[in-house]
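Undergrad: Got a structure here, written out as structure tokens. Questions coming.
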Amino acid sequence: MELRATPTVRKAPFKPSTALAWLVLIVTSCISLWPMYWLFVTALTPTTYTLKTPPDVVPLHASLSNFERLLTRAPDYWSWGFNSFLISIAITLFHLLFDTMAGYAFAKRQFPGRNILFWIIVATLMVPAYVTLVPMYIVTRELDLLNSLWAVILPGFANVFGIFLMRQYIQTLPSELLDAARIDGCNELQVFWHVILPLCKPAIGALAIFTFVRHWNDFLWPLIVLSDTASFTLPVGVNSLQSEFSTDYGIIFAGAALAALPMIVFFLIFQRYFLEGVRMGALKG
Amino acid sequence: MSNIALEKENLKRPSGVRGKIARFFKAYGWSYFFVLPSFTVFTVFILIPVLWALVISFQNYDFAWDGTWAGFSNYVRAFTTENGVFLRAIEHTLFYTIITVTANVLIALALASLIQGRSKHWKTFFLAAYYLPAVTSVVIIAITWRWIYNSEYGLLNYLLGLVHLPAVRWLSDPNLVLGSITLSTVLTVPATGVVLFNAAMGSIPTEFYEAARIDGAGPFRRWWHITLPLIKPTTLYLVVLYTIASFEVFEKVFVMIPAGVGDSAQVIVTQIYENGFQQFRYGLASAQAFVLFLMIAAVAVVQFRVFKTDVEY
Chain A
1 MELRATPTVR KAPFKPSTAL AWLVLIVTSC ISLWPMYWLF VTALTPTTYT
51 LKTPPDVVPL HASLSNFERL LTRAPDYWSW GFNSFLISIA ITLFHLLFDT
101 MAGYAFAKRQ FPGRNILFWI IVATLMVPAY VTLVPMYIVT RELDLLNSLW
151 AVILPGFANV FGIFLMRQYI QTLPSELLDA ARIDGCNELQ VFWHVILPLC
201 KPAIGALAIF TFVRHWNDFL WPLIVLSDTA SFTLPVGVNS LQSEFSTDYG
251 IIFAGAALAA LPMIVFFLIF QRYFLEGVRM GALKG
Chain B
1 MSNIALEKEN LKRPSGVRGK IARFFKAYGW SYFFVLPSFT VFTVFILIPV
51 LWALVISFQN YDFAWDGTWA GFSNYVRAFT TENGVFLRAI EHTLFYTIIT
101 VTANVLIALA LASLIQGRSK HWKTFFLAAY YLPAVTSVVI IAITWRWIYN
151 SEYGLLNYLL GLVHLPAVRW LSDPNLVLGS ITLSTVLTVP ATGVVLFNAA
201 MGSIPTEFYE AARIDGAGPF RRWWHITLPL IKPTTLYLVV LYTIASFEVF
251 EKVFVMIPAG VGDSAQVIVT QIYENGFQQF RYGLASAQAF VLFLMIAAVA
301 VVQFRVFKTD VEY
């Protein structure tokens, strides 16, 4: 496989096996992207042209009318977007700081109880989130936080994967750098802030991207604790469009497309970091 | 570093308990400072809720809590209630898991292998094309699939019509609905798998292939005897990853068939959701969640066995 990239092989004029490989790759790319394409085509096609056979495979009647109708008939849409953004940003910032701090302590510092603490954390990595739904719901209800964004933000802090990822990354950094900084008169906070944080940029970037996307798309927990229409996040709100507008696919898909768009743009800009992050997160995860 | 600080302190040897505490803090205070925020959050939002959920699963807790212990009755009820719908949910989940995990791993393996010979730019292009849907909410993907599966105006039935096949009630026929949901997952390219296999294949030294080629091995034999054995850890990792994800399938089912189709597409988590948050049978829902936990733990144990030599914590 590797050798095919060498010039001698590449000169070979035509190989059926290579052609087949291209065909498979292109066809699977189309299958992969088709639902995305269909999402936007349906969003751009007025509902009258959607409910017919044959369907418009290309948006022949493209217009933004669905989006206009969405924003007038589901006026809470903007607050859903705002809620999603606020929740994702708050959780991400929090994770970046706390996970890096803990990852640093677990990777580079000695202290009594270090291994036990770390093992307790690793052990909960495999506990499915569904186990804690009931007690978390009861606590949220007792604290009177139902329908508040805090009900989503606070439990969002509970994900130990970031600690694990940062520890794995910081372990690869040379300890001599930290010692050098201390000899130069840095206190512990300065060592963390001026040495560890800058060196961790790649890992922090990956963690930021994944935390943000994960919470932007999170569905089950917000569905459980948010029941006021105005307090919905985008996935919960978009799902509610389905029951509210039943067969008005134009409105439903306008809402879905608008919710997907920021992540798609985000991905196209930072695509390299996404793919690098998948690799980094999974190699030792 | 802290060790050096500790030794210095030892030389001075201030006496008494206070001195000891002061020395302890001087030596380790910063370490605990760095761990404290995460560990507090971890304790409050994971450790305590998990233990509490375990307690609830052994208590009578239907809507209101009366503090009485229920023994294993929630676990018994989990399997017997409503004519054992939970057992059928487990069956459906296993069906979904076996098919999607097999398909995902094989498809990812095939695509990653085919991608190897391409130039860097094409590699990036294909990886991006495969990964793009993964950044979109499952809710949105599921809504789109629901529309593709629509029995009247859906794209799929239109395509069937083109080849003169009768329309199919993809999401309302009780015999088909689970298969339709499974099919939608199979038709979603397993992007993480392709990315990881690609990384694993890329890290195999070229000399291995060179040597095999000199020995007269063709492309397929090189792939079979060199690539496959060397990416085995990635394969196993992905099997575990996809198995756990399939065990926890929920959003897709919930969004594609909001009203359900009888019990034909009940899976484990839809059951937990229904019992916990629609019927408010907290004890029962917690018991079912722990059954899911045990299933996942079993998979994880296998993972640790297999990975024993590779994984370092």
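Top to bottom, those sequences are chains A and B. When the letters of the first sequence are read in order and numbered with full-length UniProt numbering, they come out as residues 1 to 285. When the letters of the second sequence are read in order and numbered with full-length UniProt numbering, they come out as residues 1 to 313. Here a beta-carbon is modelled for each residue, glycine too, at the ideal position from N, C-alpha and C.
Residues of chain B with CB under 8 Å from A:Asp99, in chain order?
TA: Ser38
Undergrad: Could you tell me whether the Cβ of A:Phe232 comes closer than 9 Å to any Cβ of chain B?
TA: no
Undergrad: Is it true that the segment 110-127 of chain A meets the segment 173-183 of chain A, where meeting means three or more beta-carbon pairs spaced less than 8 Å apart?
TA: no
Undergrad: Tell me B:Ala62's beta-bridge partners as DSSP assigns them.
TA: Note that residue 62 of chain B corresponds to Asp in the displayed sequence, not to Ala. Beta-bridge pairing links B:Asp62 to B:Ala64 and B:Arg281.
Undergrad: Look at the Cβ atom of B:Val139, then the Cβ atom of B:Val269, and state whether they are nearer than 9 Å.
TA: Going by C-beta atoms, B:Val139 is not nearer than 9 Å to B:Val269.
Undergrad: Does the distance from the CB of A:Phe192 to the CB of B:Phe34 come in under 9 Å?
TA: Yes, the pair counts as a contact, with Cβ atoms nearer than the cut-off.
Undergrad: Thinking C-alpha only, which one of B:Tyr131, B:Ala212, B:Phe277 and B:Arg305 is nearest B:Thr188?
TA: B:Tyr131
Undergrad: Enumerate in chain order the residues of its own chain whose CB-to-CB distance from A:Leu145 is below 7 Å, with the five nearest sequence positions on each side excluded.
TA: Ala151
Undergrad: So which residues on chain B does A:Asn147 lean against when the C-beta distance must stay under 9 Å?
TA: Near A:Asn147 there are no residues of chain B at all, since even the closest Cβ is about 15 Å away, more than 9 Å.
Undergrad: So which residues on chain B does A:Leu275 lean against when the C-beta distance must stay under 7 Å?
TA: Leu127, Tyr131 and Val195
Undergrad: The alpha helix (DSSP H) with B:Val105 in it runs from where to where?
TA: Ser73 to Ile115
Undergrad: Output the residue ranges of the alpha helix (DSSP H) runs that lie fully inside the segment 118-156 of chain A and measure 4 residues or longer, sorted by chain position.
TA: 133-142 and 150-156
Undergrad: Could you check the C-alpha separation between A:His194 and A:Val238 for me, to the nearest Å?
TA: Cα-Cα distance, rounded: 43 Å.
Undergrad: Would you decide whether B:Ala70 is buried or exposed? Buried here means 16 or more other CB atoms lie within 10 Å of its CB.
TA: buried
Undergrad: Taking Cβ-Cβ distances below 9 Å as the criterion, which residues of the segment 135-151 of chain B are in contact with chain A?
TA: Val135, Thr136, Ser137, Val138, Val139, Ile140, Ile141, Ala142, Ile143, Thr144, Trp145, Arg146, Trp147, Ile148 and Asn150
Undergrad: Taking C-beta to C-beta, are B:Gly276 and B:Ala285 nearer than 9 Å?
TA: yes
Undergrad: Which residues of the segment 254-285 of chain B have a Cβ closer than 7 Å to any Cβ of chain A? Give them in chain order.
TA: Val255, Pro258, Val269, Ile272, Gly276, Phe277, Tyr282 and Ala285
Undergrad: Checking 9 Å against the spacing of the C-beta atoms, do B:Leu87 and B:Phe95 come in under that value?
TA: Contact flag unset, no.
Undergrad: Can you grab the Cα-Cα spacing for the pair A:His61 / B:Leu238, in whole Å?
TA: 43 Å
Undergrad: Using the beta-carbon of each residue, which ones in chain B are nearer than 9 Å to A:Gln190?
TA: Per Cβ cutoff of 9 Å: no residues; A:Gln190 is ~11 Å from chain B at best.
Undergrad: State the beta-bridge partners of B:Trp69 as determined by DSSP.
TA: B:Gln59
Undergrad: Along the chain, which unbroken stretches of the alpha helix (DSSP H) at least 4 residues long are found entirely within the segment 205-253 of chain B?
TA: 206-214, 219-222 and 232-247
Undergrad: Between A:Ile91 and A:Thr211, which are expected to be in contact by the criterion C-beta below 8 Å, what is the C-beta distance as a whole number of angstroms?
TA: 6 Å
Undergrad: Please state whether the Cβ-Cβ distance between B:Val302 and B:His92 is less than 9 Å.
TA: Not a contact, by the Cβ cut-off of 9 Å.
Undergrad: Are A:Thr140 and B:Val50 closer than 9 Å when you measure CB to CB?
TA: Going by C-beta atoms, A:Thr140 is not nearer than 9 Å to B:Val50.
Undergrad: Touch check for the segment 133-148 of chain B and the segment 221-232 of chain B: three-plus C-beta pairs under 8 Å?
TA: At 8 Å Cβ cutoff, the stretches do not touch.
Undergrad: Would you please verify whether the beta carbon of A:Lys52 is less than 9 Å from any beta carbon of chain B?
TA: yes
Undergrad: Going along the chain, which residues of the segment 222-252 of chain A sit with their C-beta nearer than 7 Å to a C-beta in chain B?
TA: If the cut-off is 7 Å between Cβ atoms, the segment 222-252 of chain A has Ile224, Pro235, Val238, Asn239, Gln242, Ser243, Tyr249 and Ile252 near chain B.
Undergrad: Check the Cβ of B:Asn16 against every Cβ in chain A and list those closer than 9 Å, keeping chain order.
TA: Note on identity: in this sequence residue 16 of chain B is Gly, with Asn being the wrong assignment. Those do not exist, as B:Gly16 stays about 20 Å from chain A at its closest Cβ, beyond 9 Å.
Undergrad: Return no unless some Cβ of chain A is closer than 9 Å to the Cβ of B:Ser2.
TA: Note that B:Ser2 has pLDDT 49, beneath the 50 cutoff, so the model's placement of it is unreliable and no number is given.
Undergrad: Which residues in the same chain as B:Ile148 place their Cβ atom closer than 7 Å to its Cβ, once the five residues preceding and following it in sequence are excluded?
TA: Gly154, Leu155 and Leu156
Undergrad: DSSP on A:Phe219, reduced to helix/strand/coil?
TA: Coil.
Undergrad: Within the continuous alpha helix (DSSP H) that includes B:Ser203, where are the two ends?
TA: Premise fails: B:Ser203 is in no alpha helix (DSSP H) and is neither H nor E.
Undergrad: Could you list which residues in chain B have their beta carbon closer than 8 Å to that of A:Leu44, in chain order?
TA: Near A:Leu44 there are no residues of chain B at all, since even the closest Cβ is about 14 Å away, more than 8 Å.
Undergrad: Using a cut-off of 7 Å between C-beta atoms, extract the partners of B:Trp30 located in chain A.
TA: Glu188
Undergrad: Would you kindly report the start and end of the unbroken alpha helix (DSSP H) that includes B:Ala134?
TA: First-last for B:Ala134: undefined, no H or E at that position.
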